[in-house]
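In this text, residue positions in the sequence shown follow the numbering used here: the first is 178, and each later residue adds one.
The next block holds one structure in the form of structure tokens; read it before the comments.
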Amino acid sequence: MALFEQSKIWITTEEMFALYGAIHAISKDPAIGLKLGSEERIERYDPIAIAALYARSFRDALDRMARYKRLMCPEEIRIVERGNECAVQFVWLLGEKAEPPALIDTCFAWLVTIGRRGTGRSVNPLCVEFQRPEANRRLYEKYFGCPVKFAVRHNRLLFRKEDIAQPFLTHNPDLFELVAPQLEAELTQQLADESLKEQVKRILKKVLAGQRPRLEDVALELRVSTRTLQRRLLTERITFHSLVEEARREMAKHYLLQPSLELNETAYLLGYEDPNSFIRAFHKWEGTSPGEWRSTRSPWAR
């Protein structure tokens, strides 16, 4: 039986957010998310965590978690290297509300736990950043072993590149070869089942930030020629422009629910050259301005 063919309980992103919000409310424990993400017993690990633990290094583990995460949910792990730092973000692509703190804590703790278990030492981030208002600073600084910033633009972990380059003592090529091919097969099947429209939109959402996406960029990601991609879109009666607009519309809602992002920053992230172009486009999509839409859906904006 394939790893992902077992019985599943499917829930929406909104229901997932509500679940973690309820867990936090019922537990009344500010550390509940950290505890949920700090599982030490490997027999309780899911296949993605196992593949990460048997990887060659922390960086290899991060790459594999990012690659296989789409098998579990509509979430991306984004890894960006700048200078001597490496930033890691968890992005819920279908979220129409801000991620609950307990879920963010669980994701961050899960990643750090894999790093610490794999390297056999206390790998600490360089810094942890939260969008939420300041709360329980000492709790987080003790757990992560680093400074923590609140009320910033993104939820993310910052590591030293030298730390994520550390080899994993748990690296086991034989066991890895038992898990990785199955994950790759599942991923190949999922991508085959995904429509061309969804494939293109998924790629567009990745390349939108700060630039105008090009057909050539998407074709390169899909490993086909630009002419082949154009022909396939034409066959399905889809235009590249319409997919860019759909991707922008969906990501616009996601960004507008982030309290730290100003409208001009959102416009930039969507590839618009000026905020007015974004405002006009959003009004065409939703029949209202971005500011009005944000104020009716975000409690912090009221």
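Think of the CB as a built atom: it goes at the ideal place given N, C-alpha and C, for glycine as much as any other residue.
Since the model is a prediction, treat every value here as computed from it, not as a measurement.
| Item | Value |
| --- | --- |
| Stretch pair the region 277-290 + the region 203-213: three plus CB contacts closer than 8 Å | yes |
| Close beta carbons around residue 251, own chain, < 8 Å, minus the five adjacent residues each side | 190, 269, 270 and 271 |
| Limits of the beta strand (DSSP E) - the one that residue 267 falls within | 262-269 |
| For residue 459 and residue 424, believed in contact at Cβ under 8 Å, the rounded distance | The Cβ separation is near 14 Å, so there is no contact. |
| Endpoints, beta strand (DSSP E) assigned at residue 306 | 304-306 |
| Expected contact under 8 Å - CB spacing of residue 351 and residue 235 to nearest Å | Actually they do not touch by this definition, with Cβ atoms about 20 Å apart. |
| Beta-carbon proximity check, residue 470 vs residue 411, cutoff 8 Å | no |
| Cβ-based neighbour list, residue 452, same chain, cut-off 7 Å, excluding 5 preceding and 5 following | 440, 441 and 444 |
| Bounding residues of the beta strand (DSSP E) (the contiguous stretch that carries residue 256) | 252-259 |
| Through-space distance from residue 335 to residue 256, alpha-carbon basis | 10 Å |
| Alpha-carbon spacing of residue 331 relative to residue 266, whole angstroms | 8 Å |
| Cβ contact (3+ pairs, closer than 8 Å) linking the region 237-246 and the region 296-305 | no |
| Host alpha helix (DSSP H) of residue 336 (start-end) | Here residue 336 belongs to no alpha helix (DSSP H); instead the beta strand (DSSP E) covers 333-337. |
| First and last residue of the uninterrupted alpha helix (DSSP H) at residue 215 | Where residue 215 is concerned, there is no enclosing alpha helix (DSSP H), given that its DSSP letter is neither H nor E. |
| Own chain, CB closer than 6 Å to residue 318, minus 5 neighbours either side, in chain order | 325 |
| Top-ranked residue by Cα proximity to residue 435, from 374, 467 and 261 | 467 |
| Buried/exposed call for residue 479, threshold 16 Cβ in 10 Å | Confidence at residue 479 is low in this model, with a pLDDT of 46, below 50, so the placement of that residue is unreliable and no value is reported for it. |
| Cβ-based burial, residue 298 [other Cβ within 10 Å; buried from 16] | exposed |
| Residue 234 - partner residues in DSSP beta bridges | 344 |
| Residues near residue 333 by beta carbon distance below 7 Å, same chain, minus five either side | 264, 265, 266 and 306 |
| Close-in-space but distant-in-sequence residues of the same chain around residue 203 (CB under 8 Å, 5 per side omitted) | none |
| Helix, strand or coil at residue 179 according to DSSP, with G and I counted as helix | Low confidence applies to residue 179: its pLDDT is 46, below 50, so where it sits in the model is not reliable, and the reading given next is rough at best. Residue 179 falls in the coil class under three-state DSSP. |
| Given residue 201 as reference, the closest of 328, 315 and 276 once Cα atoms are compared | 276 |
| Cα-Cα separation between residue 179 and residue 347, rounded to whole angstroms | Reliability of the predicted coordinates at residue 179 is poor, the pLDDT of 46 falling under 50, and the value obtained from them is presented with this limitation in mind. If I take the Cα positions, the gap works out to 24 Å. |
| Residue nearest to residue 414 in terms of C-alpha spacing, selected from 389, 390 and 373 | 373 |
| When 397, 226, 377 and 474 are compared against residue 293, the one with the closest alpha-carbon | 226 |
| CA-to-CA distance, residue 450 to residue 395, given in whole angstroms | 20 Å |
| Beta-carbon gap between residue 377 and residue 231 smaller than 8 Å | no |
| Short Cβ contact (8 Å threshold) for residue 447 with residue 406 | no |
| CB-CB length for residue 197 against residue 312, believed under 8 Å | Actually they are not in contact, since the Cβ atoms of residue 197 and residue 312 sit about 16 Å apart, beyond 8 Å. |
| Residue 418, buried or exposed, once every other Cβ within 10 Å from all chains shown has been counted against 16 | exposed |
| Local conformation of residue 374 per DSSP, three classes | helix |
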